[in-house]
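Structure first, then comments.
Residue numbers (my numbering): 269 to 620.
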């Protein structure tokens with residue numbers, strides 16, 4: 269007889285869902301998301317109805333719903349005869365024990381902290397929006413379609429600034445910290461998450477008003493040896509939302525190429541991104557700030573924005589500013605084009 273007649277194993281259902289077997293077993297123990305029957309009374313065997321319940325659990329947690337709440341909703345997928353058998357889910361704890369409140373007698377502070385910090389994704393998230401947790405879970409599962417949907421929703425609901433500062437960036441930082449602490453693991457998670465965030469930011473950039481072609485552009489570039497471009501992509505999207513012209517040169521721009529780009533484009537501002545002090549090139553920044561262009565008698569030089577944590581530790585030289593984040597950078601550049609810098613609320617959405 270085919271084994272599927274009695275349900276599939278935990279390992280098989282985990283592969284189908286793209287989660288680890290440990291996660292499936294944990295959901296069973298902690299939230300009662302278990303199979304309706306067990307082989308020999310011990311080994312979990314998952315029926316099609318059980319798998320449908322787990323798929324709903326994955327969908328809800330990926331959208332940011334807390335696991336206990338998602339479990340309560342997911343259990344409704346199974347037929348009532350199975351769901352309400354004696355007020356207990358087969359293979360799981362009584363329904364009254366499925367959602368333990370914080371600080372209950374069976375929940376220690378250490379356990380509650382661990383749940384709040386990782387929340388099922390395995391990433392050190394800390395105190396963040398629930399959308400951030402959903403994005404993290406989808407990233408760990410390498411669930412591209414869910415990541416795309418969550419990013420679209422975040423940008424639509426919260427606006428670019430809040431979506432970047434409170435959802436995208438915290439998730440990226442958590443993946444980076446996990447990668448650094450676990451050897452070569454999670455590299456694929458960071459790459460896929462970065463690609464989807466980049467795609468979402470570029471999509472947001474093209475929906476803005478058409479930039480004035482005759483206006484001096486904003487040059488965006490990473491300093492030589494710097495590969496992190498996503499913060500610049502977020503800024504480019506924000507500038508596009510305001511109809512301001514940009515020239516994005518991307519990662520690790522050689523000094524000679526940056527000099528040529530500045531002289532040829534005559535920018536109003538140059539944003540130099542440095543992620544770490546090891547890549548911050550202060551001599552290059554001074555050179556760019558001192559580059560004058562235009563007709564004789566009306567020559568001008570660009571304002572240089574030292575963006576990123578790599579520039580911390582020194583006072584900006586004349587002709588330079590160091591914005592503390594995306595919102596401030598947008599305000600600074602906007603004022604160069606005659607804006608007041610007070611319309612961040614429109615770009616930033618509701619905030620938190």
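Note that beta-carbon positions come from the ideal geometry of N, C-alpha and C, so glycine has one too.
Treat the numbers as computed from the prediction; the structure is a model and nothing was measured.
So what does DSSP say about residue 311, is it helix, strand or coil?
strand
Return the CA-CA distance between residue 460 and residue 410, expressed in angstroms with no decimal places.
7 Å
For the region 489–534, list the beta strand (DSSP E) runs that are entirely contained and at least 3 residues long, ordered along the chain.
514–518
State the Cα-Cα distance for the pair residue 569 and residue 292, rounded to the nearest angstrom.
Roughly 60 Å separates the two Cα atoms.
Look at the alpha carbon of residue 553 and the alpha carbon of residue 277, and state the distance between them as a whole number of angstroms.
59 Å
In three-state terms, what does DSSP make of residue 441?
helix
Going by the beta-carbon positions, is the gap between residue 589 and residue 507 smaller than 8 Å?
no
With a Cβ-Cβ cutoff of 8 Å, do residue 574 and residue 540 count as a contact?
Taking 8 Å as the Cβ cut-off, residue 574 and residue 540 qualify as a contacting pair.
For residue 631 and residue 437, I'd like the C-alpha separation in whole angstroms.
Here the chain comprises residues numbered 269 to 620, so residue 631 is not present and cannot be evaluated.
By a C-beta neighbour count over all protein chains shown, 10 Å radius and 16 as the cutoff for buried, is residue 528 buried or exposed?
exposed
Cβ atoms of residue 547 and residue 462: under 8 Å apart, would you say?
No, these two residues do not count as a Cβ contact at 8 Å.
For residue 534, which residues of its own chain have a beta-carbon under 6 Å away from its beta-carbon, when the five flanking residues on both sides are left out?
484, 561
Under a Cβ-count criterion, where at least 16 other Cβ atoms within 10 Å of its own Cβ denotes burial, should residue 593 be classed as buried or exposed?
exposed
Quick check: the Cα distance between residue 399 and residue 576, rounded to an integer number of angstroms?
24 Å
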